[in-house]
């Protein structure tokens, strides 16, 4: 068994318009990383489209219907100031969520040791009834519910080290003691949530906000002092990682100073936790990353840690 990759050509077709940070080049850069010699032999799988029922597990049915009906025949439609649909978006937004469900199946079936979902658009800002921050459907939350509703798991954890707080995932997990969400993120920064006082119905939400210009030391302390102990106490049956690489020092949308080794270290620590807690079951999902060099560096480091598990 090795690390499986779930992606699809339709992610390149999702058109957000000129000058948009969440642009098609992001997935092209990730594919270039995957084509390097060290990653070229990793098994690749086409991401399937999520079922509407799966989206409705975490999103209000009316919202799901409204989004799918909003996909335009031409031009662009904005779901909010930052989140754009084009005529070629429907397949991408469905496959981004479907990739996570398929990756969960592969890991639980034992056909993959772990899995990386190279998808766009990202998903962790999408709330039950609202698109936000480039995110349409909450890919990682759909995958978590797939593990519970279709695969019989009870306790699922998401750890998010994107530079922006995953407000959507937090909102979806808040009232369920069997779901765990932990996040390191820059604060203050969009979307303005993620304070340490936000703890969920059963202390199942753990936030570790980092001030601007934090780097290796602050990030690793947050992981070791807050995130990893809480994850250990939660005892998940599956760990999902919202793997955003916009905390990289080069990223234009934030002010943290991570480098490739930080992403490798964090991924390795989470894989080690999965080995202790849940038979190594790890599925990771691409979130942010808007500098192409930083995105490539972060993805490569992340994959190296997954492959060495």
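Numbering (our numbering), first residue to last: 11 to 319. Just so you know, even glycine gets a beta-carbon here, dropped at the ideal spot from N, CA and C.
With 16 other CB atoms within 10 Å as the buried threshold, where does residue i fall?
i           : result
residue 84  : exposed
residue 219 : buried
residue 221 : exposed
residue 51  : exposed
residue 223 : exposed
residue 196 : buried
residue 76  : exposed
residue 207 : exposed
residue 100 : buried
residue 91  : exposed
residue 205 : exposed
residue 308 : buried
residue 13  : buried
residue 187 : exposed
So the alpha helix (DSSP H) residue i belongs to, where does it begin and stop?
i           : result
residue 309 : 302-317
residue 132 : First-last for residue 132: undefined, no H or E at that position.
residue 46  : Residue 46 -> no alpha helix (DSSP H), and no H or E assigned at all.
residue 226 : 226-232
residue 65  : 62-66
residue 73  : 71-80
residue 178 : 177-183
Give me whichever residues DSSP pairs with residue i in a beta bridge.
i           : result
residue 248 : 166
residue 271 : BP columns for residue 271 are empty, so no partner.
residue 193 : 170 and 217
residue 16  : 55 and 127
residue 333 : Here the chain has residues from 11 to 319 only, and residue 333 is not among them.
residue 211 : Per DSSP, none; premise fails for residue 211.
residue 95  : 87
residue 258 : 268
CB of residue i to nearest heavy atom of the ligand GDP: below 7 Å?
i           : result
residue 131 : The ligand GDP is not part of this structure, which contains no ligands at all.
Within its chain, find whatever has a CB closer than 8 Å to the CB of residue i; leave out the 5 residues flanking it on each side and keep chain order.
i          : result
residue 98 : 20, 23, 24 and 25
Enumerate in chain order the residues of its own chain whose CB-to-CB distance from residue i is below 7 Å, with the five nearest sequence positions on each side excluded.
i           : result
residue 238 : 279 and 283
residue 70  : 138 and 139
residue 228 : 220
residue 201 : 135, 142, 143, 174, 175 and 177
residue 67  : 152, 155 and 159
residue 245 : 165 and 287
residue 236 : 216 and 218
Between which residues of its own chain and residue i is the CB-CB distance below 6 Å, once the five residues before and five after are set aside?
i           : result
residue 96  : 25 and 86
residue 104 : 59 and 60
residue 39  : 302, 305 and 306
residue 183 : 189 and 191
By the DSSP assignment, the beta strand (DSSP E) with residue i in it spans what residues?
i          : result
residue 56 : 54-56
- Item | Continuous alpha helix (DSSP H) assignments of at least 4 residues falling wholly in the region 97-158 | 99-119
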